[in-house]
Structure formats: structure tokens, C-alpha cells
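First residue of the sequence shown? That's 475 in the working numbering, and the numbers climb one at a time after it.
Heads up, the beta-carbon is just placed ideally off N, CA and C, and yes, glycines get one too.
Small disclaimer: the values here were computed from a predicted structure and weren't measured.
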Amino acid sequence: MTATIHQNIPDSRGMSLFEADPDLWRLMQVYLDEETCARVRPELERMGALAGGRLEELALTADKNPPELRIRARNGSNDERIVKHPAYEELERYAFGEFGLAAMSHRGGVFGAEEKLPPLVKYALVYLFVQAEFGLCCPLSMTDSLTRTLVKFGDPELVATYFDQLTSQDMDMLFQGSMFMTEQAAGSDVGAIDTTARFEDGEWRLYGDKWFCSNPDAALGMVLGRPEGGGAGTKGLSLFLLPRHLPDGSKNAYRILRLKDKMGTKSMASGEIALEGALAYLVGEPGQGFKQMTDMINMSRLANGVRSAGLMRRSVTEALFIARNRTAFGKRLVDLPVMQRQLLKMITTAEQGRSMVFHTADVLRRADAGDAGMAKVLRILTPLVKFRTCRDARKVAGDAMEVRGGSGYIEEWSDARVLRDAHLGSIWEGTSNIVALDVARAVRREDALTALQAHVTETLHQAKETLGEQTAIADGFARAADFLDGVANTRDREVETRAAASAVYNATSAAFLAWEDAQLRLVGNQTTGDRLAIAQNVLRHKLSARDPYAQDADEADLAARLLSEDNATLEAAQ
């Protein structure tokens, strides 16, 4: 810990982001078995220390030195490549190499584990990593999700060709992944894609332009294309694996036209590409491309939610550190009632996001193990997380900048970078409107809300013995579910979709927070009931009508308790 206070300006540089967040370890003990906890504890500690120090330094440097597209060598020969700053390459080495974040969900061997590790291990480490660096997390999650989609739908021979490289921790051997889907005329309207796939001399060749291509020089990309003669809309699309280089080492027939000058994620390259007869391999059945790509998109959406939750936690950690170590008007900021209220709002929203993404990661584990009910729960939780957690991160990051004050607006600190990056989560893999409509689609077409209702009922039943009947949370969820069901199944109520999705997100998060509180007591951790109190705060302020002019004594009491010096949950952020 090298954090310093100079002239009333607190600097948290060197603070372990794992030690500053005691609830992270407590929740690991709720969601993971003892053996896995013992294996990953040292890695979480190491990642937390790096994220507060070395990774943060690298991320600041990489953000100020974005990648460059080179087209020719100095002698005029073709030499198309993206030049990355050494700081970004070092971040890649930590994420892909040392921690195996793109490999651990697909094979054993990471951290000495014989089998692949549960999804939450990866997401917990990313939750820490993203608090230092956001941009690299896009290539990381695309490599991870491309591997999953390829294994799930690809021909075994094709899988065997690339699996070892996609899951390698050797940076000289590693193949990174990407996803090329968006076109100028086809953003969220995927059915309007006009990239053409032609079967020529026994091989598939792709023709067309892709408009937003993050990690455009990745070794492998998943691409949606329309085979000649295929139908219109999404039903006519097929999925293809696009290699950057051909088996003989020559470059495939697609060009990177330019790199985007982005508001955020400046460390990571995003560009436009022109497919000019590029060789590609068909993945799965023709005409099923959109359904297959949806699996990759959903994993990217969940990863987006994890990243947004991580950014909120970074924002909260910084705000708490500043509030506890800066004075104004003769008092510490944390002792001022208006600051207490601001911090409480940030904590409530950030903990909602954490509970939703951690619980969804566990649902993913159960779904992948063959639980059909959990597969339906996953179907609705994923867009709920992508919709609400990503939007909430923008507000929490902005509030944290305010807590730091004028210094937060200065690029020497990370507040501005975190705020810029936080805005991207609600755009990637579907904007808020599109993802909220997908929540309604999951209700209407796949009866996913019924599965979620059963799951929430079970979680509250499990919490009952420890916490007693949580009638208010159960009633809040029931009302939110009825609202969403009505909106999803009534044609002229589409305008209410976002409000209905937000209601179900808030109610579900309250149930998960209460369940976690109960589980924390069962695993023997001392707890003050903070997660239950936060759940009740969600009900009070996000799901209940209230008089805006009335005094809220309950909120003031909760703020004072959560921010107390004696509160073990937050004490490490002092």
C-alpha cells in the first residue's frame, strides 16, 4: 500500500483493489467450493495488487498511446499491421498469459487445476482486472467467447486446428479472437447484413465491408455472411470463421481500411475492414448463423456486465478512499450527510451490479452442466445485466469523478478514462433499446420469465431460514414480473419495455442480495446484514412510490451504518 495524502489530495496509487473490497472474497466463499477458493485466493490477491499498481500504470500509458495502423514498410512493400504500444502488449501478457483469462473456461491447467475452472473464477479476476484496464477486456472476452462458440458448433476437425492456439498462455503461440458483424446499413438490425459468401472451387469466400471491428488484426474472427441464394433476414445468414493468415502464412484477402478514433477504450484497436474474397470456414449448419452467433453475443453481453460492475466497484473504492481521507469545512467528506447519501447511492447500485453478474455466472455454470431450467434463467438474466448494469456504470463513474472534484477531470488520474470507458458497455453488443427488447423477447418466445420467477422464489426460500420471510422482496419481484409479462405480451406497450426491464432487474437484484446475505451467515462469515439492507434500499428507492419531500430516516441510518468506521465491509477502503 503506497497510497499518500499530500496537501489534502488523497492518492490511492498502490492500493490493493482486492484488499479494499472485502466483500469480493466473502462472495467467492458463497459461490465457490472450498477447494476452488483455496486455489484462486492467491490469484485474486495478486490480481488485486497488480490492478491497483502495475496494471493501472500500464493502462494509463496505453490509453495515451493508442495503436497505429501501418499499411506499408519503409521500402514501399505491403506490410499491413497494427502497431501496439509496449504497455498494451504487457497488459496482454498479464491477461492472456499469466492469468489465462481466455483459457480457463475451456481447458484444465490454469493455476494448476486439472479441469477447467468455473465461470465465476474468470469473471471475478476480470472484475478486478477491468478496474485498471477496460479496453483489453474486449479482445479477451471475444477470444473466450469465440472459442466457446467454435467448440459448440464447429466441425471437430476445425476445432482441433485452432483450439490449442486459442487457449494458449504462450504469447508467441496465442491466437486472439474477434467478431465482425456490424455493417453500415446493418447495426442492430442484423438481418440487413449484406456481406456475401460465395462457394468457389470448394471453398467459402467472403465479400463485403464490416463497419465496427474491434481487435481487427486478431488471428481469427467470427463473421456473419449471407450465402448466395440464401434467404432474406437473419434466417439467411451463416456463420464463418475467418483466419487472418492462410495455412501457407500469406495474409488472407481482407484489408483493414482504418482505425476508429474512439471516445474511450483508446488502448485497443477498432477498425473497418473490407472482405475481398477472404477465405473462411463454415461453422455449423448453413442458415443457422445468427442463432449460433447469438451464443457468442450473449457471452460478450455477460462479459460486458461484469466489466461494468467492475468499473462501478473501482468508482466506489476511489470515492470511499477520497471521502475518508479528504477534509472540507473542518470535517472529513465521509462525515458530511450529503456525501454519505451520495456514497450510499453509489454503493447500492454497484452492489446490485455485482450480485447480478456473480449470480448470473453461477447460473451459467449450472446451465452448461445441463440444467435446462437454468438455461432459461440465463436467457433472461444476460440481457437484463447487459441493459441495466451497463447503464448504471455511467452514472456511478460520473459520481465518483465528482467526489474527487477538479482532479477527477484531469487525465493524470483514471476518473476520466473510467467514465469514458463506462459509456461503451451500453453500446457494444446491442444498445439499451435493443437489449431491453431482447428481454421482452425472452419472455414472449421462450417463457424465460417463468423460469426466473421459479428461481427467485427458490432463492428467497433458501434465505428464509436464516433471514426470515422476505415478503417485501417477494412482493416487489411479483409486481415487477407481472409488469414485464404484460408489456412483453401486449403489442401496443412496447414503449414501456425499458421501464419493465429495469423493474425486474432491480427486484431480482434485491432477491439475490438477500440470498447472498443469508449464505454469508451460513458459511460462517461475520456479517452485519449489509447486503440485506442494500436489498431493502433497492426496494425503497427503485421499486416503491415515495414522497420526494418526506424525510427518509431509514436511508440516513443505513448510510451512517455502512460508512461507519466499524463496518467490516468497507473498512479496507480507508
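In this structure, L518 lies near F492, with their beta-carbon atoms less than 8 Å apart.
With a cutoff of 8 Å on beta-carbon distance, V961 and T971 are scored as near each other. L498 sits away from A587, with the two beta carbons spaced by 8 Å or more. Comparing alpha-carbon positions, the option among F832, Y562, T924 and V664 lying closest to R500 turns out to be F832.
Here N552 is exposed, its C-beta having fewer than 16 other C-beta atoms within 10 Å. It is roughly 33 Å from the alpha-carbon of R1020 to the alpha-carbon of G904.
H935 is classed as exposed because its beta carbon has fewer than 16 other beta carbons within 10 Å across all chains shown. A distance below 8 Å between beta-carbons, with the five flanking residues on each side excluded, links Y883 to the following residues of its chain, in chain order: M875, D889 and A890. The beta carbon of G847 sits closer than 6 Å to those of A925, all from its chain and outside the five residues before and after it, given in chain order.
D912 sits in a helix when the DSSP states are folded into three classes. In its chain, beyond the 5 residues on either side, G779, S782, A783, G827, M830 and V831 have a beta carbon closer than 7 Å to the beta carbon of T863. The stretch 747-766 and the stretch 697-713 touch, with no fewer than 3 CB-CB distances between them shorter than 8 Å. Going by C-alpha positions, K805 is about 28 Å away from P1022.
In the three-state scheme derived from DSSP, where H, G and I count as helix and E and B as strand, R815 is classed as helix.
For I730, the three-state secondary structure derived from DSSP is strand.
Under the rule that a run must span 3 or more residues, no beta strand (DSSP E) segment is found entirely inside the stretch 768-835.
With three or more CB-CB distances shorter than 8 Å, the stretch 735-746 counts as touching the stretch 602-613. Beyond the five residues adjoining it in sequence on each side, R567 comes within less than 7 Å, by CB distance, of M645 in the same chain, given in chain order. Taking S619 as the centre and dropping the five residues before and after it, the same chain places the C-beta of M770, M773 and S774 closer than 6 Å to its C-beta, in chain order. A distance below 7 Å between beta-carbons, with the five flanking residues on each side excluded, links P760 to the following residues of its chain, in chain order: P701 and S712.
The DSSP assignment places 971-996 as complete runs of the alpha helix (DSSP H) inside the stretch 956-1015, in order along the chain (cut-off: 4 residues). In the assembly as shown, R1005 is a buried residue. Its beta-carbon has 16 or more other beta-carbons within 10 Å. One Cα belongs to V870, the other to L818, and the distance between them is close to 11 Å. Around the CB of S662, fewer than 16 other CB atoms lie within 10 Å, so the residue is classed as exposed.
Residue environment for V917: buried (at least 16 other C-beta atoms within 10 angstroms of its C-beta). By the criterion of a C-beta distance shorter than 6 Å, Q605 is surrounded in its chain by L491, A525, G784 and R788, once the five residues flanking it on both sides are discounted. Taking the Cα positions, I667 is about 8 Å away from T656. The C-beta distance from A727 to A752 rounds to 4 Å, short enough to fall under 8 Å. Within the stretch 550-612, the beta strand (DSSP E) runs of at least 3 residues that lie entirely inside it are, in chain order, 552-557.
According to the DSSP assignment, Y636 belongs to no beta strand (DSSP E) but to the alpha helix (DSSP H) extending over P630 to L640. Around the CB of I545, fewer than 16 other CB atoms lie within 10 Å, so the residue is classed as exposed. Rounded to whole angstroms, A523 and S579 show a C-alpha spacing of 23 Å. Burial is judged here by how many other beta carbons sit within 10 angstroms of a residue's own beta carbon; R548 has fewer than 16 and is exposed.
Under a 10 Å Cβ-count criterion, M737 is classified as exposed, with fewer than 16 other Cβ atoms of the shown protein chains found around its own Cβ.
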